[in-house]
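A.B. asks: Residue numbers for the sequence shown follow the working numbering, beginning at 33 and rising by one. By construction, the Cβ of each residue, glycine as well, lies at the ideal position given by its N, Cα and C atoms. Before we start, here is the structure in question, set down as structure tokens.
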Amino acid sequence: MTNRAIAHARLRNSRLVGRPLDSAQDVVRWFGAVQSQDVTGAFWAVAQRMGSRTTFEDLGRSFDAGEIVRTHALRPTWHFLAPDELRWIEALTGPRVRRANDAVGRRRLGLSRADFDRTNEIIRAGLADGGAWTRDELRARLVEAGVPFRDPNTLGHIIMNAELDGLICSGPRRGKQFTYQLVDERIPPTREVTGDEALCELTLRYFTSHGPALVHDMAWWSGLTVTDIRRGIELAGEALEPRSIDGKPYVAAAGGFEPARVPEPHVLLLSNYDEYLGSYTDYAPIFDTTLPKARTVADVLGVHIVVRDGLVVGGWRRSIGRDRATADVTLLMPFTSAERSALEDAAEAWAQFLGLGCELRVTTA
């Protein structure tokens with residue numbers, strides 16, 4: 033398989049080509065978790081797997097209704113999860129991430145596990161009976177309870193710990209502000225999934241939606257160990273297929289190595305945290321090998337991503353105004369007129385998703 037063949041298989045498995053999914057929850061469930069520290073970019077990533085008329089406002093309503101929830105779960109960073117899967121995914125991935133968070137808390141902030149347990153109880157009591165706090169309100173309640181804030185990062189670590197402990201997750205937005213609610217208030221009781229069942233399910237989910245991928249890719253994505261991932265592959269049995277490509281041991285769902293039929297020209301504007309790119313340690317299979325490798329990493333990975341025919345060929349920066357969305361695109365190779373037209377269509381689709389007019393500016397490095 034060539035880079036292009038791997039990329040085309042990933043385009044299909046990532047649901048960027050083929051039949052769209054019906055809802056935001058379907059998209060999040062397909063991946064297991066969708067990276068979401070940049071909410072605008074994450075909403076766009078979800079919308080690209082749905083029907084072409086899906087808007088930012090549509091996804092905001094789904095989020096506020098609790099059809100998808102946002103929390104720290106993997107690595108650690110924020111992810112969207114399906115609500116009925118939060119508890120078992122958090123129980124599987126949270127402990128390793130929490131240990132890393134504890135180490136930072138002790139070393140930089142002087143916070144012990146006992147301190148985190150105390151702040152959890154303050155949060156639990158304050159949010160009981162359906163309460164929802166903004167970040168500022170949460171900080172004010174903790175200060176009122178006597179929690180010292182000697183470092184600007186203290187609040188973030190307290191919140192992250194409460195999320196990793198499965199205590200809180202996102203609540204409905206209040207205007208443009210995000211809120212936190214107790215998991216047990218936000219999400220009804222769900223079936224318990226533990227141990228090998230949880231590990232097998234998350235492993236299947238990753239290699240089905242991200243494959244062909246390496247064991248180390250999933251280990252990085254999930255925060256689990258390489259040993260954990262190999263165990264998950266063993267548990268999955270024939271549902272997963274291993275294949276050596278250029279001497280590297282790739283894994284995909286059974287049939288997942290088959291390249292998709294990609295329409296030509298096919299151009300996408302992806303968020304820099306899109307699961308198509310941001311879920312791997314090895315970026316090589318989705319870069320155009322005709323581009324200077326050193327420049328692609330330096331010029332592209334720090335911005336949003338332009339993908340042509342499944343391969344990364346440039347970056348873009350966004351500017352969102354009151355009535356216009358501007359995409360400033362830097363291409364690392366010239367486009368044909370047909371590819372430029374496809375790029376214009378991609379920019380227009382992004383602006384329509386935001387409910388705004390579109391301005392596209394293109395330069396070639």
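1) Of all the options 207, 261, 215, 196, which has the alpha carbon lying nearest to the alpha carbon of residue 228?
2) Give the DSSP-derived three-state secondary structure of residue 272 in the structure shown.
3) Along the beta strand (DSSP E) that carries residue 223, what are the first and last residues, could you check?
4) Can you list the beta strand (DSSP E) stretches of 3 or more residues lying completely in the region 236 to 320, in chain order?
5) Count the other C-beta atoms from every protein chain shown that fall within 10 angstroms of the C-beta of residue 268, then say buried if there are 16 or more, exposed otherwise.
6) Can you tell which of 57, 85, 350, 117 has its C-alpha closest to the C-alpha of residue 234?
7) Go ahead and pull the three-state DSSP assignment for residue 128.
8) For residue 377, collect the residues of the same chain with a Cβ closer than 6 angstroms to its Cβ; drop the 5 residues on either side in sequence, then sort them by chain order.
9) Kindly list the residues whose CB is nearer than 6 angstroms to the CB of residue 168, restricted to its own chain and excluding five residues on each side of it in sequence; keep chain order.
10) Using DSSP with H/G/I as helix, E/B as strand and the rest coil, what is residue 112?
11) Apply the 10 Å Cβ neighbour rule to residue 340 and answer buried if 16 or more other Cβ atoms are within range, or exposed otherwise.
12) Is it right to say residue 136 is buried, meaning 16 or more other beta carbons lie within 10 angstroms of its own, or is it exposed?
13) Taking just the CA atoms, how far does residue 178 sit from residue 289?
14) Does the pairing of the region 195 to 215 with the region 94 to 104 give three or more beta-carbon distances under 8 angstroms?
15) Taking the DSSP output, what are the residues bridged to residue 391?
16) Is DSSP giving residue 38 helix, strand or coil here?
17) Does DSSP put residue 166 in a helix, in a strand, or in coil?
18) Any heavy atom of the ligand GTP closer than 6 angstroms to the beta-carbon of residue 153?
C.D. replies: Well, looking at it:
1) Position 196 of the sequence shown, counted from the first residue, corresponds to residue 228. Cα-wise, what sits closest to residue 228 is 261.
2) Here residue 272 refers to the residue found at position 240 when the sequence shown is read from its first residue. Three-state DSSP puts residue 272 in a strand.
3) Translated into positions along the sequence shown, residue 223 becomes position 191. Counting along the chain, residue 223 falls outside any beta strand (DSSP E), and DSSP gives it neither H nor E.
4) Scanning the region 236 to 320 for uninterrupted beta strand (DSSP E) segments of 3 residues or longer gives 272 to 277, 280 to 285, 299 to 302, listed from N- to C-terminal end.
5) Mapped onto the sequence shown, residue 268 falls at position 236. With 16 or more other Cβ atoms within 10 Å, it is buried.
6) Your numbering for residue 234 matches position 202 in the sequence shown. Looking at the Cα atoms, 117 is the closest of the given residues.
7) Against the sequence shown, residue 128 aligns to sequence position 96. Looking at residue 128 - three-state DSSP - the assignment turns out to be helix.
8) Position 345 of the sequence shown, counted from the first residue, corresponds to residue 377. Within the same chain, residue 377 has no close Cβ partners at all.
9) Start at 1 with the first residue of the sequence shown, and residue 168 comes out as number 136. Hits under 6 angstroms: none found.
10) If you number the sequence shown from 1, residue 112 lands on position 80. Looking at residue 112 - three-state DSSP - the assignment turns out to be strand.
11) Stepping through the sequence shown from its first residue, residue 340 is reached at position 308. Classification for residue 340: buried.
12) Position 104 of the sequence shown, counting from 1, holds the residue named residue 136. So residue 136 ends up on the exposed side.
13) Residue 289 sits at position 257 when you count from the first residue of the sequence shown. Residue 178 sits at position 146 when you count from the first residue of the sequence shown. C-alpha separation (whole angstroms): 56 angstroms.
14) yes
15) As a position in the sequence shown, residue 391 is number 359, starting the count at 1. For residue 391, which the question treats as bridged, DSSP gives the partners 358.
16) Looking up residue 38 in the sequence shown gives position 6. In the displayed model, residue 38 falls within a helix according to three-state DSSP.
17) Here residue 166 refers to the residue found at position 134 of the sequence shown. Note: residue 166 maps to strand in three-state DSSP.
18) The model on display carries no ligand, and the ligand GTP is accordingly not part of it.
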